[in-house]
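**Student:** First to last, the sequence lines map onto chains A and B. For the first sequence, the numbering used here gives the first residue as 1, with consecutive numbering after it. For the second sequence, the numbering used here gives the first residue as 1, with consecutive numbering after it. Just so it is clear, CB atoms sit at the ideal spot from N, CA and C, and this is done for glycine as well. If you scroll down you'll find the structure; I have some questions about it.
Number of protein chains: 2
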Amino acid sequence: MPATLYDVAASARVALNTARKALQGDPTVRPYLARRVIEAAARLDYRPHTLARALKTRRLDVVPVSVINLHEIYFGELAEKLSNALIASNLEPILCTEPDHVFELVQTLNTCGSIFAYADFDQLSHPLARTQPVVTINAPFHRKANLGCVNADFEGGFRRAAQAVLSRGRKRIAVLSEIFHKIAYKNWPFDKFRAVERTLAEASVAPVRPVGEPCFETLGRLIETLAEGTEIDAVFCENDLWAARLFGALAARGVRVPDDVLIIGCDAGLILPGCWSVKIPIGDLAAQAVATLRRLLAGEVFIEPVIVPLSLVDEDGKDIA
Amino acid sequence: MPATLYDVAASARVALNTARKALQGDPTVRPYLARRVIEAAARLDYRPHTLARALKTRRLDVVPVSVINLHEIYFGELAEKLSNALIASNLEPILCTEPDHVFELVQTLNTCGSIFAYADFDQLSHPLARTQPVVTINAPFHRKANLGCVNADFEGGFRRAAQAVLSRGRKRIAVLSEIFHKIAYKNWPFDKFRAVERTLAEASVAPVRPVGEPCFETLGRLIETLAEGTEIDAVFCENDLWAARLFGALAARGVRVPDDVLIIGCDAGLILPGCWSVKIPIGDLAAQAVATLRRLLAGEVFIEPVIVPLSLVDEDGKDIA
DNA sequence: CTGAAAGCGCTTACAG
DNA sequence: CTGAAAGCGCTTACAG
């Protein structure tokens with residue numbers, strides 16, 4: 001049975017409230033009493049009971065963090081960085097994989113705010129913001145009380161990446177992405193590859209893609225197309241893992257990277273020789289998200305969206321102009 | 001202000017306790033009253049207050065899960081699978097990146113058990129097991145009350161992998177692993193590559209490695225050694241990411257995979273053409289961990305360790321004999 | 001500056 | 001089968 005505040009007070013021979021004040025460093029407690037209390041607490045290995053406190057104060061310093069797809073390296077790293085940033089900020093992170101689950105938690109525990117790391121949850125995050133601060137990461141911005149918003153600048157990042165590819169004289173440019181294949185032109189707000197398409201269009205370069213489809217959906221399809229003799233000299237991939245798979249498939253067929261085909265991945269976990277990668281500054285996203293949450297908790301109501309820039313790097317992590 | 005049980009009872013014109021029983025489906029409540037209560041609860045959008053309940057029952061159905069290094073694909077996937085398995089089992093997962101943090105949570109919230117997904121935390125998990133069930137994943141087994149243990153069979157898996165490599169006639173076998181380089185022979189319990197070494201030794205094959213070192217620490221070092229003319233025809237890598245990096249470095253130098261060098265990765269996230277990978281059944285680990293926790297919660301005190309087998313697969317995910 | 005009382009929302013005996 | 005009372009461990013007025 002762990003010691004309660006009552007035990008501490010009894011052991012220090014003071015009133016309950018005095019014990020509490022002493023432990024919270026309230027200066028209105030006489031020093032010699034405070035000392036007695038603190039010693040008693042140490043002796044009894046007293047720890048405040050978070051539940052009881054939260055029940056009374058109606059506030060648990062717990063922040064549910066919704067991060068889906070933890071098996072993807074981007075989300076895993078984001079979850080880790082968010083956790084660390086919250087702890088450093090004296091908040092208790094609770095990672096959830098299911099966004100609905102955050103919703104439940106918030107209704108049922110007295111959480112103090114939450115963070116959503118995915119675009120598609122307006123219908124969850126907005127009602128939540130009526131009760132308490134919510135920060136979204138890479139979700140569309142809405143000007144709304146208690147709602148913060150931190151976004152990576154996919155548009156700018158991929159525009160610059162496309163320009164860099166064009167500036168190297170590449171004109172037969174393809175996109176390999178299952179997601180873009182599925183949701184292209186569906187008004188998805190963070191459509192990396194639409195920025196690429198727009199940039200190509202401005203340079204009057206038509207992307208290489210299967211007739212009637214927005215891009216290559218599978219690696220097999222892309223390789224097939226190459227084998228049929230269609231020329232491709234650069235490929236934007238959904239992420240670094242797909243970039244590596246493409247690298248492997250090309251290497252197995254004797255296609256040289258980057259001489260024949262330049263490969264551009266994303267997320268910077270793994271950049272193979274000659275490849276490029278668009279780097280998402282995950283640590284910055286996490287830090288900005290927690291900073292925004294802090295501002296909301298401190299009472300700010302409307303906060304402008306925070307935009308975090310991306311960069312384009314080579315295999316050594318060096319910036320590419 | 002959310003509705004409380006008191007509100008529901010008042011609205012249904014029954015006593016507090018009757019309302020509670022009705023909501024919990026207690027058959028001793030008269031049906032017509034139960035109906036009134038349930039309707040009132042629905043009308044008021046009542047949700048039981050988890051904190052208050054836990055304060056009284058001294059039991060929160062929350063399971064802290066300690067998973068470090070979430071940015072690594074293995075841990076990310078494990079965290080995700082554990083979360084899903086716990087939710088499916090009606091327990092509330094709380095993911096923590098810091099193991100010490102779990103310790104704090106358990107002392108401070110009334111959690112009902114916890115899961116540690118890393119080997120090195122005996123000094124945390126064992127004291128915890130005095131209070132409540134603890135399940136470790138890939139940690140050394142200790143016969144101890146309230147302590148469950150689920151382990152992947154690294155020894156067997158890598159032994160079979162090494163045998164498969166030998167059976168293909170490869171004799172110049174190297175290991176590329178920063179971790180093994182650091183902790184080899186330090187009694188680390190899940191030393192994948194020690195199993196490889198033993199298997200080679202039994203076949204009287206000496207591993208290829210820098211003089212006086214347990215293995216290659218960096219990719220650069222391995223490539224250098226190859227360039228100097230040392231023959232290597234198979235490399236065990238720490239994981240699939242390093243396998244891919246090695247693949248890339250070899251491809252850039254015109255070395256053929258697997259003809260010249262066979263690459264064996266681990267974790268099966270990413271297997272490039274011609275490579276092999278030792279597959280850790282993460283879903284099974286998670287399922288077994290939750291099942292073990294359930295048994296401990298149900299009152300079993302001593303549980304034998306659960307061993308989950310690994311498999312060796314090729315780029316298509318097919319088993320290799 | 002200190003201490004006794006009420007109450008957060010629930011559950012658990014227990015009396016009717 | 002139903003309902004009034006006590007209490008989980010804290011905090012928050014408030015009286016001394």
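Within a Cβ cutoff of 6 angstroms, which residues of the same chain sit near A195(A), ignoring the five residues on either side of it in sequence?
**Tutor:** The count along the first sequence starts at 1 and reaches residue 195(A) at position 195. Cβ within range, chain order: E155, F158 and R159.
**Student:** Mind listing the chain A neighbours of N84(B)? Cutoff is C-beta to C-beta under 9 angstroms, in chain order.
**Tutor:** Along the second sequence, one-based indexing puts residue 84(B) at 84. Within chain A, the residues T97 and E98 have their CB atoms less than 9 angstroms from the CB of N84(B), given in chain order.
**Student:** Indicate the three-state DSSP secondary structure (helix, strand or coil) for L312(A) in the structure shown.
**Tutor:** If you number the first sequence from 1, residue 312(A) lands on position 312. Strand at L312(A).
**Student:** Which residues in the same chain as I179(A) place their Cβ atom closer than 7 angstroms to its Cβ, once the five residues preceding and following it in sequence are excluded?
**Tutor:** Taking the first sequence and counting its residues from 1, one reaches residue 179(A) at position 179. Counting only Cβ-Cβ distances below 7 angstroms, and skipping sequence neighbours, we find E238.
**Student:** Output the boundary residues of the alpha helix (DSSP H) element that contains A88(A).
**Tutor:** For the purposes of this step, residue 88(A) is identified with residue 88 of the first sequence, where counting begins at 1. Looking at the DSSP string, the run of the alpha helix (DSSP H) that includes A88(A) is I73 to A88.
**Student:** Tell whether a beta-carbon distance below 8 angstroms holds between L310(B) and V150(B).
**Tutor:** Taking the second sequence and counting its residues from 1, one reaches residue 310(B) at position 310. Taking the second sequence and counting its residues from 1, one reaches residue 150(B) at position 150. Cβ atoms of L310(B) and V150(B): not closer than 8 angstroms.
**Student:** Helix, strand or coil: how does DSSP classify W242(A) here?
**Tutor:** Taking the first sequence and counting its residues from 1, one reaches residue 242(A) at position 242. Reduced to three states, the DSSP call for W242(A) is helix.
**Student:** Skipping 5 residues on each side, what residues in its chain have a beta carbon closer than 6 angstroms to that of Y118(B)?
**Tutor:** Within the second sequence, residue 118(B) is the residue found at index 118, counting from 1. I68, listed in sequence order.
**Student:** In the DSSP assignment, find the unbroken beta strand (DSSP E) run with V175(B) in it and report its ends.
**Tutor:** Position 175 of the second sequence holds residue 175(B). Where V175(B) is concerned, the enclosing beta strand (DSSP E) stretches over I173 to L176.
**Student:** Using a Cβ cut-off of 8 angstroms (strictly closer), state whether P294(A) contacts chain B.
**Tutor:** Taking the first residue of the first sequence as 1, we reach residue 294(A) at position 294. Here residue 294(A) turns out to be Arg, not Pro, going by the sequence shown. No, no contact with chain B.
**Student:** How big is the Cα-Cα spacing for R172(A) and K192(B)?
**Tutor:** Walking along the first sequence from the start, residue 172(A) turns up at place 172. Walking along the second sequence from the start, residue 192(B) turns up at place 192. C-alpha separation (whole angstroms): 44 angstroms.
**Student:** What would DSSP say about E92(A), mapped onto helix, strand or coil?
**Tutor:** Locating residue 92(A) in the first sequence gives position 92, where the first residue counts as 1. Strand, per DSSP.
**Student:** What residue range does the alpha helix (DSSP H) around N69(A) cover?
**Tutor:** Counting from one through the first sequence, the residue named residue 69(A) turns up at place 69. Per DSSP, N69(A) belongs to no alpha helix (DSSP H) and is neither H nor E.
**Student:** Please name the residue in L222(A), R43(A), M1(A) and V134(A) whose C-alpha comes closest to that of R294(A).
**Tutor:** Numbered from 1 along the first sequence, position 294 holds the residue referred to as residue 294(A). With distances taken between Cα atoms, R294(A) lies closest to V134(A).
**Student:** So within the stretch 39-66 of chain A, which uninterrupted beta strand (DSSP E) runs reach at least 3 residues, ignoring any that extend past its ends?
**Tutor:** You should have 62-66.
**Student:** Where I271(B) and A244(A) are concerned, what is the direct C-alpha to C-alpha distance, given to the nearest angstrom?
**Tutor:** Numbered from its first residue, the second sequence carries residue 271(B) at position 271. Numbered from its first residue, the first sequence carries residue 244(A) at position 244. The alpha-carbon atoms of I271(B) and A244(A) are separated by roughly 9 angstroms.
**Student:** Using beta carbons (cut-off 8 angstroms, strictly below), is H101(A) in contact with chain B?
**Tutor:** Stepping through the first sequence from its first residue, residue 101(A) is reached at position 101. Yes, H101(A) lies at the interface with chain B (some Cβ there is under 8 angstroms from its Cβ).
**Student:** Can you tell me which residues form a DSSP beta bridge with A152(B)?
**Tutor:** Here residue 152(B) is taken as the residue at index 152 of the second sequence, counted from 1. Note: A152(B) sits in a beta bridge opposite V308(B).
**Student:** Would you mind listing the beta strand (DSSP E) stretches within the stretch 199-244 of chain A that are 3+ residues and don't spill past its ends, in chain order?
**Tutor:** Taking only runs of at least 3 residues, the beta strand (DSSP E) segments lying wholly in the stretch 199-244 of chain A are 234-237.
**Student:** Counting contacts by CB-CB distance shorter than 8 angstroms, is Q163(B) in contact with chain A?
**Tutor:** The residue you call residue 163(B) lines up with position 163 of the second sequence. When Cβ-Cβ separations below 8 angstroms define contact, Q163(B) makes no contact with chain A.
**Student:** If you measure between the beta carbons of A145(A) and F247(A), is that distance less than 8 angstroms?
**Tutor:** As a position in the first sequence, residue 145(A) is number 145, starting the count at 1. As a position in the first sequence, residue 247(A) is number 247, starting the count at 1. Result no, Cβ atoms of A145(A) and F247(A) do not sit closer than 8 angstroms.
**Student:** When you compare only the Cα positions, how much space is there between A234(B) and S66(B)?
**Tutor:** The residue labelled residue 234(B) in the question sits at position 234 within the second sequence. The residue labelled residue 66(B) in the question sits at position 66 within the second sequence. Their backbone Cα atoms lie some 35 angstroms apart in a straight line.
**Student:** Please identify, using Cβ separations under 8 angstroms, the residues of the stretch 63-79 of chain B that lie next to chain A, in order along the chain.
**Tutor:** N69, L70, H71, E72, I73, F75, G76, E77 and A79
**Student:** Identify each residue in the stretch 25-58 of chain B for which the Cβ-Cβ distance to at least one residue of chain A is less than 8 angstroms, and report them in chain order.
**Tutor:** R47, P48, H49, T50, L51, A52, A54 and L55
**Student:** With L128(A) and D100(A) assumed to form a contact (beta carbons below 8 angstroms), what rounded beta-carbon distance in angstroms separates them?
**Tutor:** As a working note, residue 128(A) is residue 128 in the first sequence. As a working note, residue 100(A) is residue 100 in the first sequence. Distance from L128(A) to D100(A) at the Cβ level is roughly 11 angstroms; contact not present, criterion being Cβ atoms closer than 8 angstroms.
**Student:** Give the secondary structure of F180(A) by DSSP, where H, G and I count as helix, E and B as strand, and everything else as coil.
**Tutor:** Working through the first sequence from its first residue, we reach residue 180(A) at position 180. Reduced to three states, the DSSP call for F180(A) is helix.
**Student:** If I'm right that A3(B) touches L55(A) with Cβ under 8 angstroms, what's the distance once you round it to whole angstroms?
**Tutor:** The residue you call residue 3(B) lines up with position 3 of the second sequence. The residue you call residue 55(A) lines up with position 55 of the first sequence. Between A3(B) and L55(A), the beta carbon gap of about 16 angstroms keeps them out of contact (Cβ cut-off 8 angstroms).
**Student:** Can you check whether the C-beta of F247(A) is within less than 8 angstroms of a C-beta belonging to chain B?
**Tutor:** Against the first sequence, residue 247(A) aligns to sequence position 247. Yes, F247(A) counts as interfacial toward chain B.
**Student:** Using the beta-carbon count (16 or more within 10 Å), is G269(A) buried or exposed?
**Tutor:** As a position in the first sequence, residue 269(A) is number 269, starting the count at 1. It is buried - the Cβ of G269(A) has at least 16 other Cβ atoms within 10 Å.
**Student:** Can you pull the chain B residues whose beta carbon is under 9 angstroms from the beta carbon of I280(A), in chain order?
**Tutor:** To locate residue 280(A), count along the first sequence from 1; it is residue 280. Neighbours of I280(A) on chain B: none; closest Cβ ~13 angstroms, over 9 angstroms.
**Student:** Can you find a CB in chain B that lies within less than 8 angstroms of the CB of Q132(A)?
**Tutor:** Counting from one through the first sequence, the residue named residue 132(A) turns up at place 132. Judged by the 8 angstroms Cβ criterion, Q132(A) is not in contact with chain B.
**Student:** Along the chain, where does the alpha helix (DSSP H) containing F141(A) start, and where does it finish?
**Tutor:** Position 141 of the first sequence, counted from the first residue, corresponds to residue 141(A). Looking at the DSSP string, F141(A) is not in any alpha helix (DSSP H), and its letter there is neither H nor E.
**Student:** Please list the residues of the stretch 106-128 of chain B that have a C-beta atom closer than 7 angstroms to any C-beta atom in chain A, keeping them in chain order.
**Tutor:** Close to chain A, meaning a Cβ-Cβ distance shorter than 7 angstroms, are the following residues of the stretch 106-128 of chain B: Q107, T108, L109 and N110.
**Student:** Does any C-beta atom of chain B lie closer than 8 angstroms to the C-beta of A227(A)?
**Tutor:** Your numbering for residue 227(A) matches position 227 in the first sequence. By this cut-off, A227(A) is not an interface position.
**Student:** Please look up how many angstroms separate the CB atoms of L86(A) and V63(A), rounded, as I've assumed it's under 8 angstroms.
**Tutor:** Here residue 86(A) is taken as the residue at index 86 of the first sequence, counted from 1. Here residue 63(A) is taken as the residue at index 63 of the first sequence, counted from 1. Right, the Cβ-Cβ distance comes to about 6 angstroms (below 8 angstroms), so this counts as a contact.
**Student:** Which residue wins for smallest C-alpha separation from A298(A), given the options P207(A), L5(A), G148(A) and T28(A)?
**Tutor:** In the first sequence, the residue the question calls residue 298(A) occupies position 298. Among P207(A), L5(A), G148(A) and T28(A), the Cα nearest to that of A298(A) belongs to G148(A).
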